Each structure stands twice: as C-alpha cells, then as structure tokens.
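K.L.:
This is the structure, below, for whatever I ask next.
2 protein chains.
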Amino acid sequence: MHITILKESEIRQCVALNPTSIAAVEEAFTALFQGKATTPIMSIPVPDHHGEMHVKSAYIQGFDSFAVKIASGFFDNPKRGLPSGSGLMLLFHSETGFPQAVLLDNGYLTHVRTGAAGAIAAKYLAREDIHTVGILGAGRQARFQLLALQQVRRFQRVLVYARDPEHVRAYIADMQAHLGGIPIEPAPDAETLVRQSDIVITTTPSTTPIVRAEWLHPGLHITAVGADNGYKQELYPEVLARADRRVCDLKTQVFRLGEHMFALKAGLLTENDPVDELGELTAGVKLGRTSPDEITVCDLTGVGIQDTAIALLAYRKAKEAGLGLVIGS
Amino acid sequence: MHITILKESEIRQCVALNPTSIAAVEEAFTALFQGKATTPIMSIPVPDHHGEMHVKSAYIQGFDSFAVKIASGFFDNPKRGLPSGSGLMLLFHSETGFPQAVLLDNGYLTHVRTGAAGAIAAKYLAREDIHTVGILGAGRQARFQLLALQQVRRFQRVLVYARDPEHVRAYIADMQAHLGGIPIEPAPDAETLVRQSDIVITTTPSTTPIVRAEWLHPGLHITAVGADNGYKQELYPEVLARADRRVCDLKTQVFRLGEHMFALKAGLLTENDPVDELGELTAGVKLGRTSPDEITVCDLTGVGIQDTAIALLAYRKAKEAGLGLVIGS
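From first to last, the protein sequence lines stand for chains A and B.
With our numbering, letter number 46 in the first sequence gets 46, and the count goes up by one each step, no holes.
With our numbering, letter number 258 in the second sequence gets 587, and the count goes up by one each step, no holes.
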C-alpha cells in the first residue's frame, strides 16, 4: 500500500483560486444536486481549550477518490500568535477504501474551496455590472473571497469593514497589489458598506448578527460565508425574510447550521419557503439572477463535496508535476 | 508546523497487545465513565463499491492529544486478494488543534485497541478458572482477541469455528505458535463451541445472528465484538435477555449500533433495563463478575476513546524510540 504525502507548499503550487478550481467545485455542486453525493459531517468539541474540530466528507458517484477533511478552530490560538484555523485533508480510493494521500494543507484548500463556492454564488446571483464590492471581515477568507470574485466579475471599488482597524489596514495593504489599481477603502461602519455596495460578502466569525434588513437595497447580492456551526451568525433573520431570492449550498445543512437556521428559529421562515441550492443553478435547472433589482442572498456553510473536488484536483496536479512524498506501508 | 508520519512497521515496533496497551485503553474507559470524553462518530457510505468508512474520535480531558480515526470496510476487496479493512489515525494537539501525527497503521491500531477492550471485558467478567475458550470467526480480530485474552486469563483449550474451514485451518496454524502447547481445535459448529466453552468471543462480520440463548450455560461469558454498524449481528436478542449481566462499551452507542439495538427492536429489552458500561467496572464503581454461575455478556462497538488512547501511546513510544518522519510545513 502506498500513500502520497503532500505539503502545503506543494499544494499551493498545484491549486489556486482560478477557473480550474472553480470549475471543479461547480461540477461537485452539480453532482450534489443530482443526488450523486453523500455528505456527512461531524464535530469534536474541545471545550477546555476553546476549540472545535469539524470533519467533513463526501463520496461522489463516479469519482475515483473521496476526501475526508479535518478542520480546526481554536479561538485562543491568536493570543499566542498562532492561527485559529488549521487542518488537513485525506484522500481515499473509492474502489478499495485504501488511503491514497495526506494533504498537509494547513487549511489552505478549505480557503480555496470556500472561495470557489463564493465565486459560483456571485457568478449566478450578482448583477453583471457591479460597481462596489463590500467585504465584511478582514481575515484570510476575506482575502480569498475577493480573489474569487475577481474570477467572475469586474468591479470599480472595494470597501472593507472589520471591528479591528489594524486588521482592515493589513487587509488593504495585502489586497491592493491584487486589484490592479481599483481603489480599496475602509468603510466607516457595516451599514455604510452594505448601503454602498452592489455585492456584500460576509466572512466574519461573528456570533451576533451584523447586517440589518433596513440596509438592503434593490440589486444587492449578499454571500454569507461565516455561519457554519449553529452559533455563528452574520445576518439578522429579517435579511433572509426580506430577500427576493434565497440560495444556499445545502438546504439540510443551512437549516441546521447556517443563517437559515436563525430565520427558522425566529419564525421568519419555514422549511417550506423557497430556498434554492447552488447545485440547481450550476446544473441549469434553476435560473440565477432574473432581474437587476432582485435582492439575493446566498448562505454558505461548506459541504464535503467541495473538499472532495479540491483535494482530488490537488492530488492530480501534484502527480502530474511529480510532487509529493510516496510512503510504502 | 511539524507533523510526524509513522508507518505501520514503526507503529508495530511501538505498540503490541500487552499490559501497557490494555492499561492505556482501561484508563480511557474510566475517563469515559467519568464524563471526561466526547465520542462522536460518522459514517461515509460508498455503496457503488460495497464499502463504508467509519470516522471515530474522542477528546479526553487532560490528554495532550486526541485522535481522529478513519477505518474502512470494503467488502469486495477480498475478491481481489485485498483486505476488506484498512485505515489510518491522526493525532491533533489538544491545546491548538494543530495536526501532530499521521499514523499509517492500515488498521493495526484498531485491532490492538479492540483486542484491549476484549481483554478488559474478560478481566472483569470472565470466571477466573476458565478451561475452554471459544472463538467464533477466524479473521484478524479473532487472532487479536485470543492474544488479548492470554494477557488476562490462563486457559487449557481453544475451540474455533468459522464458516470457511480453510480459514479455520489457517487460524489454527497461525495461533498454535502463540499458545505454548495449549491445544487449539476446530469446533464442528457454533453450538458445540458455545456449549463447551467458558468464554466465547464472537468476531465475525455476520449480519444474521449465530449464538442462540438455548446454548448458554451457567458461568459463561460472551464478548461480542462484531456488531458495530447497525446491521451486523452475532447474538440472537434472546441471548441478551437471558444473560444475568449485560455490559457494553458505551450505552448510547450499543443502543444504536450494537447487539443491544436488536434486543431493543425485538422488544426483549428496554433502555431502562440494566446495562453497565466497561468504564464503571474499570473505575471501580461497579463490580465485575459476582458469582461463578452468572451468565455475562459484553457488547463492544468500539469507542473513539480507545483510538485516542492507543494512538497517543503509539506516538509517545515512537518519539522515545526516535521513529517517524517529521515533515515541516
């Protein structure tokens, strides 16, 4: 039995937030909609250390391999100068169940596949002619989401808001180089950011809602990336109720873990209210945005099919490039 | 960030079925009973290839590290000359959630920790003076269970029964060398084996029950290892109903996945009927066997605390021995 070990530096050589990775994740969403995937998730609480682990996986029919992804969030790490998030992915052979590869990506591939889902949401749901982009949060995923959006839309201005102005300054300094002269500015507050933007991407770990329904305006698209565990929340439930169109990555999951869960709890939505899945858009059975004035919201919680798609892409590219350490049993 | 990769050959140098590994698993059961552990599990069905993955984990308060174990069962593998089971374990730092080690054990550590649980069950529940040991099944776990029992009981004779006489012959050939002259013989059928044995260990992947209540006799102890997924079953439900004493690894789990689940379904037990957990015996709050004539049954489904205990033991021993490949990020 042989297993390939890939390091983060090798994985970064193979996979970036580009049309290839977005297409791989899009294909996986289509398979999910077509009923070809099972997507179990599991959490391991580590309360003594203010941490939690999330395990996600998905076998997709017809795929040679499937991933098991283990991602961590340990919220005391930043006090020690360490990132709160980490993790790795494993690939297994679909035919035998044997381990195929260990991807020591330190969470990089999760950022790419989450960015890719954001790109897909924007591709189908944002207006074609967006002027201003608003990014709520200034962490790693805020960076990936902006790079992702660039793959599917042109825009003229970026606003960013986060509670810590130091983080905002660092974000602007980092991202400026990627924007080819497009101005990127701090917003004075979340309200100004939402009111002035054509697309808003929320990427915070907030556990109290930020975006209010009063701030919504015709033509706005919001992608909410932060809520994924049943207590993180970025949108007031009224935002979902007021949207003309609600889309998500996986209904059964957003009803339990995402922004939709809070709207259900608040009695502002029921499970019978219309919510489409990204896979319905990528499969072409539902339309994306249907008018320039629609208010659209996409609730992303992260699905194992994204991990399987991105891990398999990384593995194939690494093999093509002759990368990785092969260990015999 | 550094991560240690351990191969099966290195792991085998560090961990065997001996008093050290049994003590480590026993300590973990005590912690489980004391409420110091969370033990999530997850399954990934791969129906196209007649396979399934099982993910188990447990964070145990006060332990430096915790394991995530991924084990596979792909039942078409033997047709191709491959083992049906495989897998690996991962260790994570309890304080930061960072990956610490990848244990490429191909399922070896699962066999050891399952054997260790069997040893603990026999230590507390089998009679001191057992004469004949009956092993149902002739696979890898049948081997580990017999080695485990040797650590806690002396005996004079071993009977083995499995459907395939070829497997029985191979088992006897393999195990003879470990038994120091104690005779090991094929039993003509499961009934003879159970009737003639003082302890019976069932290790089959059977999905239809084998052991009948009529075969039970005073003083018998049965440890059932096979049922762990909600459809595997080795004991008729009447066996549990007729036992004087029922013990298990984890009540909430055996009620869903183990032999107890079938007895509940059959209406022969309720969730209020007495069932003790191994951790109550190892913690000393409940007695083991209380009379030579009791009929005792232990239902083992496998708990993540066993994986955490054994993976941590393997990692520590490997570090002491300077084994393993360290990869920087």
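In this text, a Cβ means the ideal position worked out from N, Cα and C, and glycines have one as well.
No experiment lies behind these values; they were computed from the predicted model shown.
When the Cα atoms are used, what is the spatial distance from A:His-217 to A:Thr-20?
P.N.:
33 Å
K.L.:
What is the residue span of the beta strand (DSSP E) that A:Gln-34 lies within?
P.N.:
It is not in any beta strand (DSSP E) - A:Gln-34 carries neither H nor E in the DSSP assignment.
K.L.:
Does the distance from the C-beta atom of B:Pro-369 to that of A:Ile-41 stay below 7 Å?
P.N.:
No, these two residues do not count as a Cβ contact at 7 Å.
K.L.:
Kindly list the residues whose CB is nearer than 7 Å to the CB of A:Phe-262, restricted to its own chain and excluding five residues on each side of it in sequence; keep chain order.
P.N.:
Gln-233 and Pro-237
K.L.:
Does any CB atom of chain B fall closer than 7 Å to the CB of A:Ser-206?
P.N.:
no
K.L.:
Who are the Cβ neighbours of B:Thr-537 in its own chain at under 8 Å, not counting the five residues just before and after it?
P.N.:
Gln-562
K.L.:
Compare the beta carbon distance of B:Tyr-500 and B:Ala-516 with 7 Å and say whether it is the shorter of the two.
P.N.:
no
K.L.:
Hey, how far is the Cα of B:Ala-477 from the Cα of B:Glu-520?
P.N.:
23 Å
K.L.:
Sort out for me which residues DSSP pairs A:Gly-85 with in a bridge.
P.N.:
A:Gly-73
K.L.:
Given 8 Å as the limit, is there contact between the stretch 280–297 of chain A and the stretch 217–230 of chain A, that is, 3 or more CB pairs closer than that?
P.N.:
yes
K.L.:
By the criterion of Cβ-Cβ separation under 9 Å, what are the contact partners of A:His-2 in chain B?
P.N.:
The contacting residues do not exist; A:His-2 stays about 10 Å from chain B at best.
K.L.:
According to DSSP, simplified to helix, strand and coil, what is A:Ile-135?
P.N.:
strand
K.L.:
Given a threshold of 16 other Cβ atoms within 10 Å of its Cβ, counted over all protein chains shown, does A:Asn-272 qualify as buried or as exposed?
P.N.:
exposed
K.L.:
Taking the alpha carbon of A:His-111 as the reference point, which residue from A:Val-326, A:Leu-323 and A:Val-303 has its own alpha carbon closest?
P.N.:
A:Val-303
K.L.:
To the nearest angstrom, how far is it from the Cα of B:Ser-415 to the Cα of A:Ala-67?
P.N.:
Each residue's CA atom was taken as its position, placing B:Ser-415 and A:Ala-67 some 15 Å apart.
K.L.:
Tell me where the beta strand (DSSP E) around A:Leu-223 begins and ends.
P.N.:
A small correction: the amino acid at residue 223 of chain A is Thr; Leu does not occupy that position in the sequence shown. Here the beta strand (DSSP E) through A:Thr-223 covers 221–224.
K.L.:
Against chain A, which members of the stretch 425–436 of chain B pass a CB distance test of less than 7 Å?
P.N.:
Thr-425, Gly-426, Phe-427, Pro-428, Val-431, Leu-433 and Asn-435
K.L.:
For B:Asn-406, which residues of its own chain have a beta-carbon under 7 Å away from its beta-carbon, when the five flanking residues on both sides are left out?
P.N.:
Pro-412 and Ser-413
K.L.:
Where DSSP assigns a beta bridge to A:Leu-328, which residues make up the other side?
P.N.:
According to the sequence displayed, residue 328 of chain A carries Gly and not Leu. In DSSP, A:Gly-328 forms a bridge with A:His-2.
K.L.:
In terms of residue numbering, what span does the beta strand (DSSP E) encompassing B:Gly-587 cover?
P.N.:
Taken as a continuous stretch (DSSP letters only), B:Gly-587 belongs to no beta strand (DSSP E), as it is neither H nor E.
K.L.:
Going by beta carbon distance, what residues of the same chain come within less than 6 Å of A:Arg-157, once the five residues before and after it are set aside?
P.N.:
Once the five neighbours on either side are set aside, the close Cβ partners of A:Arg-157 are Thr-132 and Pro-183.
K.L.:
Using the rule of at least 16 other Cβ atoms within 10 Å of the residue's Cβ for burial, across every protein chain shown, is B:Val-655 buried or exposed?
P.N.:
The residue in question, B:Val-655, is exposed, as its Cβ has fewer than 16 Cβ neighbours within 10 Å.
K.L.:
Determine which residues of the stretch 4–33 of chain A have a Cβ less than 8 Å from any Cβ of chain B, and write them out in chain order.
P.N.:
Ile-5, Lys-7, Glu-8 and Ser-9
K.L.:
Quick check on A:Phe-75 - is its C-beta less than 7 Å from some C-beta in chain B?
P.N.:
A:Phe-75 does not count as touching chain B.
K.L.:
Is B:Ala-643 near the ligand COA, going by C-beta to nearest heavy atom under 6 Å?
P.N.:
With respect to the ligand COA, the structure shown offers nothing to examine, as it has no ligands at all.
K.L.:
Name the one or two DSSP bridge partners that B:Arg-575 has.
P.N.:
B:Val-626
K.L.:
A:Gln-61 versus chain B: which residues are under 9 Å apart at the beta carbon?
P.N.:
Among the residues of chain B, those whose CB is under 9 Å from the CB of A:Gln-61 are Pro-376 and Asp-377, following chain order.
K.L.:
Would DSSP call A:Leu-323 helix, strand or coil?
P.N.:
Coil, per DSSP.
K.L.:
Rounding to the nearest angstrom, what Cα-Cα distance links B:Phe-404 and A:Ala-24 in this structure?
P.N.:
30 Å
K.L.:
Between A:Met-42 and chain B, is the shortest Cβ-Cβ distance under 7 Å, so that the two count as touching?
P.N.:
Yes, A:Met-42 lies at the interface with chain B (some Cβ there is under 7 Å from its Cβ).
K.L.:
When you check each C-beta in the stretch 296–317 of chain A against every C-beta of chain B, which residues fall closer than 7 Å?
P.N.:
none
K.L.:
Could you work out which residues of chain A lie near B:Ser-386, taking near to mean beta carbons separated by less than 8 Å?
P.N.:
Met-42, Ile-44, Met-53 and Val-55
K.L.:
Give a yes or no on whether the minimum CB-CB distance between B:Leu-417 and chain A is below 7 Å.
P.N.:
Chain A contact via Cβ: present.
K.L.:
Under the three-state reduction of DSSP, which class applies to A:Phe-92: helix, strand or coil?
P.N.:
Looking at A:Phe-92 - three-state DSSP - the assignment turns out to be strand.
K.L.:
What did DSSP end up calling A:Glu-277 once you bin it into helix, strand or coil?
P.N.:
strand
K.L.:
List the residues of chain A that B:Leu-411 touches, going by C-beta distances under 7 Å, in chain order.
P.N.:
Thr-96
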